[in-house]
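Q:
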Amino acid sequence: MARDKNQRELNFKPLFKKFGQNEIENNNEIALLHEEIEAIYLIDLLGLYQEEAAQKMNVSRPTLSRIIRNARHKVANSLIGGAKLHIHDQKDSYTLAVCSDDEDELINSTSQGKYILIFEIKEKTYKQLKSLENPVFFKKQKPGMVLPKLLLENNVNFFLANEIGAGLKNSLLSKGIYTILKKKIKFDDLSNIPI
Numbered sequence: 713m714a715r716d717k718n719q720r721e722l723n724f725k726p727l728f729k730k731f732g733q734n735e736i737e738n739n740n741e742i743a744l745l746h747e748e749i750e751a752i753y754l755i756d757l758l759g760l761y762q763e764e765a766a767q768k769m770n771v772s773r774p775t776l777s778r779i780i781r782n783a784r785h786k787v788a789n790s791l792i793g794g795a796k797l798h799i800h801d802q803k804d805s806y807t808l809a810v811c812s813d814d815e816d817e818l819i820n821s822t823s824q825g826k827y828i829l830i831f832e833i834k835e836k837t838y839k840q841l842k843s844l845e846n847p848v849f850f851k852k853q854k855p856g857m858v859l860p861k862l863l864l865e866n867n868v869n870f871f872l873a874n875e876i877g878a879g880l881k882n883s884l885l886s887k888g889i890y891t892i893l894k895k896k897i898k899f900d901d902l903s904n905i906p907i
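All the letters of the sequence shown, read from the start, carry residue numbers 713 to 907 under our numbering.
Shown next, in the form of structure tokens:
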């Protein structure tokens, strides 16, 4: 008798969901499951060992091994065979971070703000999860060195700011955190981000 399947922990929110070549007509399409893109994200992008990645996904290491093997096989088939690849995104919510000089208003929404406000966005509504003191402001640390790790630890998918340096933007992207630039940020904007 098979045991019950654990609820998988899926934190990565893919921004791009369809890939493929356009030069040659090819109707083959491969679906990459959300758990498979999560495994690629944890192992291949973040460089975690399988044991640690399995713990983050709430699966056994042998299960993760099967998931990553299937994911890599699908990606290889798409790249070599020219099939279109689309990601099946199961995650109906995402986590967004924005820096601010105030915990109740969005003021100075750059990486230098005093606080990091973290929100969960679900069904076009936002809920503040937490407010953290920004080490960039309080400890005078470099944004590209401290924010990517801190946001990753808090499962942030998107970083919203009115301006951002190229170094921080690249550091965030290397952790799978997408940057959204907006000149004037209001609370209503949090739940209306086009993703």
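Positions of the beta carbon are idealized from the N, C-alpha and C atoms, including for glycine.
If you run the structure through DSSP and keep just helix, strand and coil, what is residue 844?
A: As a working note, residue 844 is residue 132 in the sequence shown. Three-state result, residue 844: strand.
Q: Under the assumption that residue 729 contacts residue 801 (Cβ atoms under 8 Å), give the Cβ distance between them as a whole number of angstroms.
A: As a position in the sequence shown, residue 729 is number 17, starting the count at 1. As a position in the sequence shown, residue 801 is number 89, starting the count at 1. Correct: roughly 6 Å between the Cβ atoms.
Q: Measuring alpha carbon to alpha carbon, tell me which of 756, 720, 759, 794 ends up nearest residue 735.
A: To locate residue 735, count along the sequence shown from 1; it is residue 23. The option with the nearest alpha carbon to residue 735 is 794.
Q: Looking only at its chain, what residues have a beta carbon closer than 6 Å to the beta carbon of residue 900, apart from the 5 residues adjacent to it on each side?
A: Residue mapping note: residue 900 aligns to position 188 of the sequence shown, counting from 1. There are no such residues.
Q: Measuring straight from C-alpha to C-alpha, what distance separates residue 722 and residue 836?
A: Start at 1 with the first residue of the sequence shown, and residue 722 comes out as number 10. Start at 1 with the first residue of the sequence shown, and residue 836 comes out as number 124. Each residue's Cα considered, the two are about 20 Å apart.
Q: Exposed or buried, residue 718, counting other C-beta atoms within 10 Å across all chains shown (16 or more means buried)?
A: Counting from one through the sequence shown, the residue named residue 718 turns up at place 6. Classification for residue 718: exposed.
Q: When the distance is taken between beta carbons, is residue 779 closer than 7 Å to residue 748?
A: Counting from one through the sequence shown, the residue named residue 748 turns up at place 36. Counting from one through the sequence shown, the residue named residue 779 turns up at place 67. The answer is yes: Cβ separation under 7 Å.
Q: What are the start and end residues of the beta strand (DSSP E) that includes residue 812?
A: Translated into positions along the sequence shown, residue 812 becomes position 100. 805-812 is the span of the beta strand (DSSP E), which, as asked, contains residue 812.
Q: Can you give me the Cβ contacts of residue 841 inside the same chain, cut-off strictly under 6 Å, excluding the 5 residues immediately before and after it?
A: Here the question's residue 841 lines up with position 129 in the sequence shown. 830, 832, listed in sequence order.
Q: If residue 799 sits next to residue 726, beta carbons under 8 Å apart, how far is it from one beta carbon to the other, in whole angstroms?
A: Numbered from its first residue, the sequence shown carries residue 799 at position 87. Numbered from its first residue, the sequence shown carries residue 726 at position 14. With a Cβ gap of about 5 Å, residue 799 and residue 726 count as contacting.
Q: Kindly indicate which three-state DSSP category residue 753 falls into: helix, strand or coil?
A: Position 41 of the sequence shown, counting from 1, holds the residue named residue 753. If DSSP states are grouped into helix, strand and coil, residue 753 belongs with the helices.
Q: What does the alpha-carbon distance come out to for the pair residue 839 and residue 737?
A: As a working mapping, residue 839 is identified with position 127 in the sequence shown. As a working mapping, residue 737 is identified with position 25 in the sequence shown. Computed Cα separation, rounded: 45 Å.
Q: Residue ranges of each alpha helix (DSSP H) run of no fewer than 4 residues wholly in the region 835-904, ordered along the chain?
A: Complete alpha helix (DSSP H) runs here, min 4: 847-850, 855-865, 878-886, 899-902.
Q: Kindly indicate which three-state DSSP category residue 713 falls into: helix, strand or coil?
A: On the sequence shown, residue 713 is found 1 positions in, with the first residue counted as 1. Unreliable positioning characterises residue 713 in this predicted model, as indicated by a pLDDT of 49, which lies under 50. A coordinate reading is not provided.
Q: Compute the Euclidean distance between the alpha carbons of residue 851 and residue 861, then round it to the nearest angstrom.
A: Numbered from its first residue, the sequence shown carries residue 851 at position 139. Numbered from its first residue, the sequence shown carries residue 861 at position 149. The alpha-carbon atoms of residue 851 and residue 861 are separated by roughly 15 Å.
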